[in-house]
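Visitor: Submitted below is the structure of interest, expressed as structure tokens.
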Amino acid sequence: MTNSALTAGYTVHVIDDLSNNDVPLSLRCQSKDNDLGVKTLKVGDDFHFSFHWSIVGETRFYCHYYWGSKQQFFDVINRGISNDCKRTDIVTNHYDCFWKVHDDGFYFSSDNSIGSYSKKYDWN
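Per my numbering, the sequence shown runs over residues 9 to 132.
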């Protein structure tokens with residue numbers, strides 16, 4: 009992953025907020041340069057990864073989600089989404105972004121507070 013003190017740092021969280029563990033949630037997150045592997049989450053788990061924004065080119069991570077017969081694929085961070093993340097540390101110029109996976113789809117928040125999430129995607 010790109011690591012430079014000259015650029016903003018980001019942590020992207022993916023939280024399993026499904027109603028139960030009967031069917032496991034799996035996901036695979038990648039960028040052009042990094043494959044974070046397949047992860048299987050249980051309800052309440054917070055899979056997260058951190059990186060620094062690329063000085064050259066486009067920084068973009070996307071995840072493919074699998075839940076039983078349902079799946080979905082979308083960017084979890086790109087230039088547009090990064091504008092909606094919240095700065096959590098002024099000194100280190102660090103931002104956080106949060107995705108919650110629900111039975112009915114995918115919700116985004118900049119600060120993980122109750123009532124702050126808005127639905128962005130349905131399951132396919």
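Cβ coordinates follow ideal geometry from the N, Cα and C atoms, glycine included. Since this is a predicted model, take the numbers as computed values, not measurements.
Using C-beta distances below 8 Å, list every residue in its chain close to V46, excluding the 5 sequence neighbours before and after it, in chain order.
Guide: Same-chain partners within the cutoff: S34, L35 and R36.
Visitor: Alpha carbon to alpha carbon, what distance is there between K50 and N29?
Guide: So the two alpha carbons sit approximately 6 Å from each other.
Visitor: Closest by CA to Q80, which one among L14, D24 and N132?
Guide: N132
Visitor: When the distance is taken between beta carbons, is C71 closer than 8 Å to V84?
Guide: Contact flag set, yes.
Visitor: Taking all protein chains shown into account, decide if T100 is buried (16 or more other Cβ within 10 angstroms of its Cβ) or exposed.
Guide: Looking at its Cβ environment, which holds fewer than 16 other Cβ atoms inside 10 Å, T100 is exposed.
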